[in-house]
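Novice: Attaching a single structure in structure tokens format; questions to follow.
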Amino acid sequence: MLSCHAMRRFCAVALLLSMQKISWAVDLLPAQQEFSADLAQKFQALEKSHTHTVAGIDGWLFLPSELRFLSVGEFWGKNAVRVSRATKPEDADPLPAIIDFHEQLKKRGIELLLVPVPPKAAIYPEKIVPQFNTGEDAAPFLHRFYDELRSRGVDVLDLSPIFLQHRDSERGDVFCKTDTHWSGYGCVLAAERIAEKVREKLKVQATQDSYSTEWQQIEITGDLAQLLPSNSPKPGPEKIQIRNVSEKSGSGKIQSDSNSPLLLLGDSYTLVFHDFYAERAGLLDQLTNELGFAPDLIGTRGSGATTVRVSLYRRTLKDPNYLSKKKVVVWCFSAREFSEADLWSKVPVSK
């Protein structure tokens with residue numbers, strides 16, 4: 000006779016297969032199957048109730064689309080049309096668009112570093128599915144996708160290992176509890192890893208003498224807290240640590256440099272703590288401190304999948320020589336965009 004736990008696991012996997020009508024679950028470990036099934040069930044309930052935030056345990060809040068992304072399985076190739084939120088089938092698969100972008104840049108002598116930000120629920124899975132063993136990979140298909148991209152020549156920086164290693168740091172969590180974004184500490188960790196890769200590509204040494212840093216505690220009301228239903232209890236302001244970066248020669252805010260050899264391209268992860276919630280503690284600021292020079296920035300509060308590449312194209316239309324100054328493009332956006340973006344189109348980088 001099956002134990003209660005075994006029966007629950009069996010039911011979870013059966014639910015996953017019936018809800019998603021897929022066969023890939025057999026490729027997962029039992030704990031991963033159960034995790035995916037739980038997330039799929041939660042998302043289905045949230046979608047029916049038109050709820051924009053899901054509450055986990057210990058005050059953690061999550062974005063429903065992130066749960067969906069982690070539950071749909073393989074989201075590229077022949078499976079893309081089945082699981083993607085894209086409005087047109089031809090725009091569903093992220094793989095061709097990313098490879099095309101990489102190849103366009105390569106032809107111009109520019110290296111691409113793809114930096115998808117891992118889902119919060121993949122770093123703190125036990126906060127949304129308490130019984131999940133945190134020693135298991137909560138995003139196995141995401142990491143398979145990275146392997147596929149690397150096999151096509153795309154340099155992918157996976158932040159999951161460094162985030163998992165430091166997820167319980169004295170500086171705090173690597174993600175905000177009540178917001179979709181990484182914390183100030185998570186941003187610093189990301190910048191350190193990105194800077195290591197950029198230094199390898201640009202063959203430059205770290206020079207931090209021109210900048211000073213100072214840790215500060217701030218309070219935020221996270222976007223997920225603001226999206227809670229009106230009849231739900233609201234958490235108070237969340238306290239997080241951020242690292243402010245300033246020029247030693249003055250107290251001014253770090254400015255992006257259009258002549259920089261490095262372009263930071265992406266969604267709101269490139270803007271948080273730089274122009275909302277705070278002004279001197281974002282990814283641009285941290286990279287400036289780590290590298291000793293300011294990158295250029297094209298960031299959007301919208302989708303980091305296609306919209307931001309359109310913004311780059313528009314920039315090159317205004318300045319035909321713009322890309323001649325660039326040696327590395329860091330493309331940073333939420334990993335959930337791989338299945339949740341409304342389109343993954345090929346976009347020219349210039350005329």
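Using numbering that gives the first Met the number 0, read the sequence shown as starting at 0 and increasing by one per residue.
Each residue gets a CB set at the ideal place from its N, CA and C atoms; glycine is no exception.
Treat the numbers as computed from the prediction; the structure is a model and nothing was measured.
1. Pick from ALA36, GLN40, ALA96: whose alpha carbon is nearest that of TRP330?
2. Kindly indicate the opening and closing residues of the alpha helix (DSSP H) around GLU278.
3. Need the endpoints of the alpha helix (DSSP H) that ILE125 sits in, please.
4. Can you tell which of TRP75, ALA54, GLU135 has its C-alpha closest to the C-alpha of SER35?
5. Taking its Cβ as the centre, do 16 or more other Cβ atoms sit within 10 Å of ILE241, making it buried, or is it exposed?
6. Alpha carbon to alpha carbon, what distance is there between ILE127 and ALA30?
7. Might you give, ordered along the chain, the residues of its own chain that have their beta carbon closer than 6 angstroms to the beta carbon of ALA189, omitting 5 neighbours on each side?
8. Taking all protein chains shown into account, do 16 or more other C-beta atoms lie within 10 angstroms of the C-beta of ILE56, making it buried, or fewer, making it exposed?
9. When the Cα of GLN216 is compared with those of ARG170, ALA85, PRO160, which residue comes out closest?
10. Where does ARG143 land, buried or exposed, given buried means 16+ other C-beta within 10 angstroms?
11. Look up TRP330 in the DSSP assignment and give the residues it is bridged to.
12. Let me make sure I understand the geometry here. Which of VAL244, SER310, THR287 has the alpha-carbon closest to that of GLY298?
13. Can you check DSSP and say which residues form a bridge with LYS238?
14. Where SER83 and ASP341 are concerned, what is the direct C-alpha to C-alpha distance, given to the nearest angstrom?
15. So for THR212, helix, strand or coil by DSSP?
16. What residue from LYS345, GLN254, PRO260, SER168 has the CA that sits closest to THR306's CA?
17. Can you name the residues that DSSP bridges to GLU135?
18. Taking 7 angstroms as the cut-off, does the CB of CYS186 come closer than this to any heavy atom belonging to the ligand NAD?
19. Give the list of continuous alpha helix (DSSP H) stretches no shorter than 4 residues that lie fully inside the stretch 33-60.
20. In the DSSP assignment, what are the bridge partners of ILE297?
21. Within 10 angstroms of its Cβ, does LYS178 collect 16 or more other Cβ (buried), or is it exposed?
22. Closest to TRP181 by CA distance: which of ARG198, LEU94, SER257, ILE161 is it?
23. Any beta-carbon of chain C closer than 8 angstroms to the one on VAL187?
24. Quick one: grab the DSSP three-state call for SER245.
25. Given LEU322, which residues of its chain have a CB within under 7 angstroms of its CB, disregarding the five upstream and five downstream residues?
26. Quick check: the Cα distance between ASN320 and PRO129, rounded to an integer number of angstroms?
27. Smallest Cα separation from PRO260: which of GLY291, GLY235, THR269, PRO236?
Specialist: Well, looking at it:
1. Residue ALA96 holds the alpha-carbon nearest to the alpha-carbon of TRP330 among ALA36, GLN40, ALA96.
2. Run containing GLU278: none; DSSP gives neither H nor E here.
3. Here residue 125 turns out to be Glu, not Ile, going by the sequence shown. For GLU125, there is no enclosing alpha helix (DSSP H), as DSSP marks it with neither H nor E.
4. By alpha-carbon distance to SER35, the top candidate from TRP75, ALA54, GLU135 is GLU135.
5. Counting the other CB atoms within 10 Å of its CB gives ILE241 a total of 16 or more, which places it among the buried residues.
6. So the two alpha carbons sit approximately 14 angstroms from each other.
7. Counting only residues of its own chain and dropping the five nearest sequence neighbours on each side, ALA189 has a CB closer than 6 angstroms to the CB of LEU158.
8. ILE56 is exposed by the Cβ-count criterion.
9. Taking the Cα of GLN216 as reference, the smallest distance to any Cα among ARG170, ALA85, PRO160 is reached at ARG170.
10. Residue burial annotation: ARG143 is exposed, with fewer than 16 other C-beta atoms found within 10 angstroms of its C-beta.
11. In the DSSP assignment, TRP330 forms a beta bridge with LEU113, LEU264.
12. Taking the Cα of GLY298 as reference, the smallest distance to any Cα among VAL244, SER310, THR287 is reached at SER310.
13. Per DSSP, the beta bridge partners of LYS238 are GLU218.
14. Taking the straight line from one Cα to the other gives about 8 angstroms.
15. Three-state DSSP puts THR212 in a strand.
16. Measuring from the Cα of THR306, the nearest candidate turns out to be LYS345.
17. Paired residue(s): none; GLU135 is not in a bridge.
18. What this structure holds is no ligand at all, so the ligand NAD is not there to describe.
19. Counting whole runs of 4 or more residues, the stretch 33-60 contains no alpha helix (DSSP H) stretch at all.
20. LEU264, per the DSSP bridge assignment.
21. With the sequence shown as reference, residue 178 is identified as Asp, and Lys is not the correct amino acid for it. Buried is the call here.
22. Among ARG198, LEU94, SER257, ILE161, the Cα nearest to that of TRP181 is on ILE161.
23. Absent from the structure: chain C. Only one protein chain is present.
24. Strand at SER245.
25. Here the set comprises ARG107, ILE109, THR315, VAL348, SER349.
26. Each residue's Cα considered, the two are about 53 angstroms apart.
27. Nearest option by C-alpha distance: GLY291.
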